[in-house]
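In the working numbering, the protein residues as written are 14 to 215.
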């Protein structure tokens with residue numbers, strides 16, 4: 014079974030995206046943008062106890078994954094190298110309990126949500142992403158929870174903490190691709206999206 018994200022057929026540069034989302038208890042998902050690359054991870058080629066970041070880096074450097082020819086386990090995960098609007102159960106998911114960097118509305122692992130604004134699990138939330146060049150805003154239920162440049166020192170530092178020496182670090186700091194698809198992340202958890210609307214900004 015493939016762990017594949019939903020990816021738009023069209024590419025977007027500057028945009029405003031509005032959407033509604035909800036998650037099941039202890040579930041995690043996300044909306045990703047500025048897609049730079051994909052790492053095709055085959056479960057049969059994963060060595061035990063290997064860091065996920067090292068798996069991604071190895072695949073980006075060697076391109077061994079093949080969707081058309083998976084190993085005997087038949088499990089392929091396509092990891093998208095992009096920035097992420099976090100969609101998560103803030104109270105029930107272990108990742109969210111790590112703090113604001115991992116809570117709903119955050120720029121995942123890079124810039125925390127300014128305040129917790131997610132509604133209780135099972136209720137619909139209103140999300141909004143505004144991207145203008147290297148500047149992004151994340152809104153959650155009418156409140157702006159992230160307002161940052163992607164070249165901010167804090168973002169560079171947090172990228173280095175996780176990805177230093179890895180192709181992902183170069184891709185997300187240089188961002189050679191400026192016009193890319195929008196992605197709904199499949200985290201193998203229950204999540205719902207509706208009323209997605211995107212407007213290109215000029």
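Built from N, CA and C at the ideal position, the CB exists for glycine as well.
- Beta-bridge partners assigned by DSSP to residue 98: 44, 120.
- Under the DSSP assignment, residue 185 falls in the alpha helix (DSSP H) whose first and last residues are 180 to 187.
- Exposure of residue 57 is indicated by the presence of fewer than 16 other C-beta atoms within 10 angstroms of its C-beta.
- For residue 163, the closest of 36, 61, 121 by C-alpha to C-alpha distance is 121.
- In this structure, the CA atom of residue 185 is about 11 Å from the CA atom of residue 93.
- Inclusion of residue 197 and residue 19 in the CB contact set at 8 Å is warranted, their separation being smaller than that value.
- Apart from the 5 residues on each side of it in sequence, residue 143 sits with its Cβ closer than 6 Å to the Cβ of 29, 150 in its chain, given in chain order.
- Approximately 19 Å separates the beta-carbon atoms of residue 99 and residue 188; this is outside 8 Å, ruling out the contact.
- Taking the C-beta atoms as reference points, residue 204 is found no nearer than 8 Å to residue 134.
- By the Cβ neighbour-count rule, residue 35 is buried, with 16 or more other Cβ atoms within 10 Å of its own.
- Just so you know, the alpha carbons of residue 156 and residue 128 end up roughly 9 Å apart.
- Contact between residue 192 and residue 26 holds, with the beta-carbon distance rounding to 4 Å and staying under 8 Å.
- DSSP lists 34 as the bridge partner or partners of residue 206.
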